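Residue numbers (my numbering): 4 to 183.
All residues carry an ideal CB built from backbone N, CA and C; glycine is no exception.
Note that this is a predicted model, so its numbers are computed, not measured.
Structure below.
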């Protein structure tokens, strides 16, 4: 590759040297983001690292320099991919029956994973007005029905659906769709 400014174009043209360049330039950042989220799952970090760069390779066309810098885009991919790994681990854990000794250690790990995912959810919900945040918590965390939420807020379903729609739009603007 001849200069640093054209690496995005080169990746779009499927130049593997450009991917090597990105790994060299941004690999430390990606490892740092992954390590922050998967510090308890060291054995998953390398696979996640590879998946991040595979996602970059596969979805480079979704990078929009008007919306974000390349470094932020890569960090976002690493963050979301790490959270996906946490969710996958949690799901695998729930499907496996363990002995009591192992279960105690893994229950602690599961608690930390839940806390990490809850932290991400909390960060996303922070962009909402308090009443909309409360609405999301009732519907998606407490898993209340629309009828129960309408009763709780003393309003009709149309109002609830409109508030949900506006809140989702706000979250999409603040947290663009992740690349998987």
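Buried or exposed: where does residue i fall if 16 or more other Cβ atoms within 10 Å of its Cβ makes it buried?
i           : result
residue 161 : exposed
residue 45  : exposed
residue 103 : Low local confidence applies: a pLDDT of 44 at residue 103 is under 50, so the model's placement there is unreliable, with the coordinate-based value given in what follows. So residue 103 counts as exposed.
residue 168 : exposed
residue 171 : exposed
residue 35  : exposed
residue 19  : exposed
residue 165 : exposed
residue 163 : buried
The alpha helix (DSSP H) with residue i in it runs from where to where?
i           : result
residue 132 : Here residue 132 belongs to no alpha helix (DSSP H), and DSSP marks it neither H nor E.
residue 67  : Looking at the DSSP string, residue 67 is not in any alpha helix (DSSP H), and its letter there is neither H nor E.
residue 15  : 10 to 15
residue 28  : 19 to 40
residue 172 : 160 to 177
residue 155 : 149 to 156
Using CA coordinates, which residue listed in the options is at the minimum distance from residue i?
i           : options            : result
residue 24  : 83, 9, 37 and 34   : 9
residue 50  : 12, 18 and 91      : 91
residue 129 : 84, 55, 177 and 93 : 177
residue 65  : 132, 11 and 94     : 11
residue 43  : 93, 69 and 147     : 93
residue 48  : 89, 150 and 28     : 89
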